[in-house]
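Chemist: Going letter by letter, the sequence shown gives residues 923 to 1223 in the working numbering.
For each residue, glycine too, the CB sits at the ideal point set by N, CA and C.
As the structure is a prediction and not an experimental result, all values here were calculated from the model.
Here you go, one structure.
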Amino acid sequence: MIKRMKLKAYGKINLGLDVLRKREDGYHEVKMVMQTVGLYDIIDLRATEQKGIRVETNLYYLPSDRNNLVWKAAEMLMSEFDLPGGLDISLKKMIPVAAGMAGGSSDAAAVLYGVNRMFHLGLSLEELKVRGVKIGADVPYCLMRGTALSEGIGEILTPLPPVPQCWVLLAKPKISVSTKWVYSSLHANELRPEDHPDIDGLVDAIRRGDLRGMAGKFGNVLELVTEKRYPIIEEIKDEMKRHGALNAMMSGSGPTVFGLFEDARAAKKAYWTLKKGRLSGGIRQVYLTNFFNNREVSNGL
């Protein structure tokens, strides 16, 4: 048994997000392109002789009990395999919370991976994905990472070629958005054909390695809900594009906005402009990073 393991749980953005319909079981059928970015949380796992799961975080408002996805992930495997002792989980959050970047899902994925390795459970990546989707629809992707087409409720994943590298500017305004509220407010079965983004065109641009073509195919149907309620999202997008972003879009259900930059100087100028927080709605967090492509970087999970 490995007694301690430290892991990086990387955040994601959606390069494209479409909701095809709301199913009879209440789930939404999606078609989206997921991309890992270089912003990550740090998770420190320690096996203990004392029974039970203990979670501590650097953010006072995050739950440290079964309401935290890292707790659920640990409990799932420890219960299934009747593992001895307990587990202490230290979670240092850097990915914005309730921001459309799958931070909680990525943390859960890291814990599933870590417990599997620490206790030599021998589960394959596919077997971890099967368990992960029971925790959250994004967890299987967060286990796989990189660039992927996601379908179904998010559990049907098709790896795509790594996207061309560029600068990724992330900005979260001073609001938090409920994913449940966004999806319930979308009325997916009443969308017009023109409301749906061209996900197939986006995938084609990615397969060609065409960064500009990819940026030109950005589309997130959930902006119809979140952006209408929170105009600051459109303000951030416009500010990024004014500073040279190839394009800018909201990630997931929001409210985080990302912009892609080819030019490092332009990206840094946009970063500092947003960092000063002069937009009317205010910005809470700003980060400048790159894409995380599994074939380029192997540390972490």
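Short check: CB of alanine 995 to CB of isoleucine 924, under 9 Å?
Modeler: For alanine 995 and isoleucine 924, no; Cβs fall outside 9 Å.
Chemist: Suppose you measure from the CA of lysine 934 to the CA of glycine 960; what does that come to, to the nearest Å?
Modeler: Going from the Cα of lysine 934 to the Cα of glycine 960 covers about 9 Å.
Chemist: Could you check how far apart the C-beta atoms of alanine 1093 and leucine 1196 are, in whole angstroms? I think they sit under 8 Å.
Modeler: About 5 Å separates the two Cβ atoms, so the contact holds.
Chemist: Look up tyrosine 1152 in the DSSP assignment and give the residues it is bridged to.
Modeler: Per DSSP, none; premise fails for tyrosine 1152.
Chemist: On the three-state DSSP scale, how would you describe aspartate 940?
Modeler: Strand at aspartate 940.
Chemist: Going by the CB atoms, is the gap between glycine 1008 and alanine 931 shorter than 9 Å?
Modeler: For alanine 931 and glycine 1008, no; Cβs fall outside 9 Å.
Chemist: Relative to the C-alpha of glycine 1176, which candidate in Thr1148, Asn1215, Ser1027 and Lys1051 has its C-alpha closest?
Modeler: When only C-alpha atoms are compared, the closest one is Thr1148.
Chemist: Identify the residues that DSSP records as bridge partners of aspartate 1010: which are they?
Modeler: Answer by DSSP bridge pairing, in chain order: Arg968 and Arg976.
Chemist: Please classify serine 1220: does DSSP put it in a helix, a strand, or coil?
Modeler: In this predicted model, serine 1220 has a pLDDT of only 38, less than 50, meaning its place in the structure is not dependable; the value taken from the coordinates is given anyway. Looking at serine 1220 - three-state DSSP - the assignment turns out to be coil, as it is neither helix nor strand.
Chemist: Please report the straight-line C-alpha distance between glutamate 1048 and alanine 1186, rounded to a whole angstrom.
Modeler: Approximately 38 Å, taken between the alpha carbons.
Chemist: Is the CB-CB distance between leucine 991 and tryptophan 1089 below 9 Å?
Modeler: No, these two residues do not count as a Cβ contact at 9 Å.
Chemist: Within the continuous alpha helix (DSSP H) that includes lysine 1094, where are the two ends?
Modeler: Lysine 1094 -> not in any alpha helix (DSSP H); beta strand (DSSP E) instead, spanning 1089 to 1095.
Chemist: Going by other Cβ atoms of all chains shown within 10 Å of its Cβ, with 16 needed for buried, is aspartate 1122 buried or exposed?
Modeler: Looking at its Cβ environment, which holds fewer than 16 other Cβ atoms inside 10 Å, aspartate 1122 is exposed.
Chemist: Do alanine 1031 and cysteine 1064 count as a contact pair if the criterion is CB distance below 9 Å?
Modeler: Taking 9 Å as the Cβ cut-off, cysteine 1064 and alanine 1031 qualify as a contacting pair.
Chemist: For a quick check, are the C-beta atoms of valine 1143 and valine 955 less than 9 Å apart?
Modeler: The answer is no: Cβ separation not under 9 Å.
Chemist: Return the chain-ordered list of same chain residues with a C-beta closer than 7 Å to the C-beta of arginine 1151, the five sequence neighbours on each side being excluded.
Modeler: Hits under 7 Å: none found.
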